[in-house]
Each structure stands twice: as C-alpha cells, then as structure tokens.
Ligand SMILES: NC(=O)c1ccc[n+]([C@@H]2O[C@H](COP(=O)([O-])OP(=O)(O)OC[C@H]3O[C@@H](n4cnc5c(N)ncnc54)[C@H](O)[C@@H]3O)[C@@H](O)[C@H]2O)c1
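Numbering (our numbering), first residue to last: 2 to 255.
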C-alpha cells in the first residue's frame, strides 16, 4: 500500500482501456477513490463498474469540475493519460497536428489550470502525465506524436519546477512500447521499434507506484531509455545517425 494514495480522490483520463485502465485498477487496488474518464462512455463505465469507481465520460480537456464534484469536492491525484498516436510527418494534415496538440498537450494545460488554484491553497496535489519515451527521444514515422509528447514532457517539467516548493508533486511516465490498442495501431514502425521490447500496461502502473514511493519525477518503465536520453543529449549527431539507420531499416522493410 502506498500511503499517499489511500483514500485519495484520483482522476484517470483515457482510462477506458490500455495504460489508463491499468492505472485506474491499480489506484483502486491501493485504496483510492477513482474517477474513470474516457471519450468512450461504454468503456469508461465498464472499467468504473469493475473497480468500484465513478465513470465521467467525455473529452479529457473539460472534465475537472465534474470529476471533482464526483469525488466530493477534492481531486488529490490527476492522471493526464489520454493520448492519441497521430502518425505521419510534415505532410500530415493540419487537423491531425491540431488534434495531437489538443489531446497530448493542451488537455494537460487545461486540467492544470483547473486544478492548481485548489492545490496551491491546500499546499498539495499530484499531477501524473503519461508522456512517452517519444517525449524524450522521438518516434520514427510520427512527427505530430513526437513533437506533442516533447510538449507534454516540457509542460510536466515546467509544472514541477514552478510549484515544487508549494507542495505539487509531478510525475512524467515515459515508456516505450506498451501492449495496448495504440501499439497495435502504430503499424510497421511500432512493429519494428516498439513491439520487441513491449511491456504490459500493469508494468507501467508498477513503475508509477515505485516512482511515487521514491518521490521521483521521471518514471522510466523501460530503464534503458535513460541511456538513450543521455546519448541524445551528449552526442546528438551520433544519436541522430543511429535513429536515421532505424528510419532506413523501416523504409526498406515497408
Ligand atoms: N501504448 C504505447 O506503446 C505507449 C507508449 C508510450 C506512451 N503511451 C501513452 O500512453 C497513454 C495511453 O495510451 P494507450 O497505449 O493506453 O492507448 P489506448 O489507445 O489503448 O487508450 C487510450 C484511451 O484514451 C481515450 N481517449 C483518446 N482521446 C481522448 C480524449 N480526448 N479524452 C478522453 N479520452 C480519450 C481512448 O478512447 C482510449 O480508451 C497515451 O498518452 C499514449 O500516448 C503509450
């Protein structure tokens, strides 16, 4: 049991399946009261019923007030988990780029805007961002996803460094492949890069809870990502060349 989570009011967005459902199940198992959000109302209800939680369906951008009311007035933990996999490159439609910004970044900003006043007044709150290793590195074949996940990571960092001394805890979860519908939909690039080392959604929940216990910002369910992140920072051209080799391998296999 993680003490910080017992009886806490927790919101998980995009929790009708995949990583969000695993986070919701784990929070419930640890004794939290959980709001299960998803765009898909049926899937949100199914997970909420299973864990004794409360379904609040709808767009993750606009559910804080309803979720707070459902939890009796206080949100202790907010998991900004809903995300979309938007593939393509510079030629991806404007609408694809806009939707990726909206769900992968602005939903986090809007939630923080709604949550921070009460958290700062209380002197505590916990914001969990499901980013991706693509937010630290990049994902071949998926520019809107990579760029917006970098944005999500940057926003989580900004929140943490700005409100750390005022009681806000922030965690950024950055996994590589996780066996969910999103991985299945990621096509041949996901097959090449993510599938071989993919983990289960429950492993992501385990990594988050370890991170909560150890009070760590950066959560790496695939620990090897730390070395890739270091290589990117210290030897950018070498790192880009090796990523380009991966790109070429993908092109040859297509
Ligand atoms: N699966 C992976 O390999 C992987 C790796 C790294 C990071 N992630 C991230 O993990 C998070 C969860 O992804 P997943 O793999 O579980 O995907 P998933 O597609 O299985 O689940 C995402 C859920 O979010 C919901 N959703 C989408 N847009 C929404 C919105 N605007 N409001 C509310 N709900 C919405 C979907 O209906 C779906 O149930 C995402 O942010 C994703 O980018 C996934």
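Don't be surprised by glycine CBs; every beta carbon is placed ideally from N, CA and C.
- The alpha-carbon separation between residue 17 and residue 206 amounts to approximately 15 Å.
- Assigned with DSSP and collapsed to three states, residue 73 falls in coil, not helix or strand.
- A distance below 6 Å between beta-carbons, with the five flanking residues on each side excluded, links residue 145 to the following residues of its chain, in chain order: 87, 93, 97, 98 and 101.
- Ranked by Cα distance from residue 30, the options 49, 162 and 183 are led by 49.
- Around the C-beta of residue 249, fewer than 16 other C-beta atoms lie within 10 Å, and the residue is accordingly described as exposed.
- Residue state for residue 83 is assigned as coil, using DSSP reduced to three classes.
- For residue 171, the CB stays at least 6 Å from every heavy atom of ligand 1.
- Boundaries of the alpha helix (DSSP H) harbouring residue 152: 144-164, taken from the DSSP string.
- For residue 183, same chain residues with a beta-carbon under 7 Å away, outside a window of 5 residues either side, are 19 and 86 in chain order.
- Taken through DSSP and simplified to helix, strand or coil, residue 218 comes out as coil.
- Relative to the non-hydrogen atoms of ligand 1, the Cβ of residue 189 never comes closer than 6 Å to any of them.
- Excluding residues up to 5 positions away in sequence, 57 lie with their Cβ nearer than 6 Å to the Cβ of residue 67 in the same chain.
- Comparing alpha carbon positions, the residue from 2, 143, 224 and 35 closest to residue 79 is 35.
- Shown here for residue 125: same chain residues with a beta carbon closer than 6 Å to its own, the five before and five after excluded, namely 168 in chain order.
- Judged by DSSP in its simplified three-state form, residue 116 adopts helix.
- Just measuring C-alpha positions, the residue of 218, 138, 212 and 143 sitting nearest residue 251 is 143.
- Three or more Cβ pairs drawn from the region 155-175 and the region 111-128 lie within less than 8 Å of each other, which places the two stretches in contact.
- For residue 247, the number of other beta carbons within 10 angstroms of its own is below 16, and it is reported as exposed.
- Burial of residue 27 is indicated by the presence of at least 16 other C-beta atoms within 10 angstroms of its C-beta.
- Between ligand 1 and the CB of residue 41, the shortest heavy atom gap is smaller than 6 Å.
- For residue 172, the beta-bridge partners assigned by DSSP are 129.
- Using a 10 angstroms sphere on the CB of residue 2, the tally of other CB atoms stays under 16, which defines it as exposed.
- By the C-beta criterion, the region 207-215 is judged not to be in contact with the region 108-118, since fewer than 3 inter-stretch pairs fall below 8 Å.
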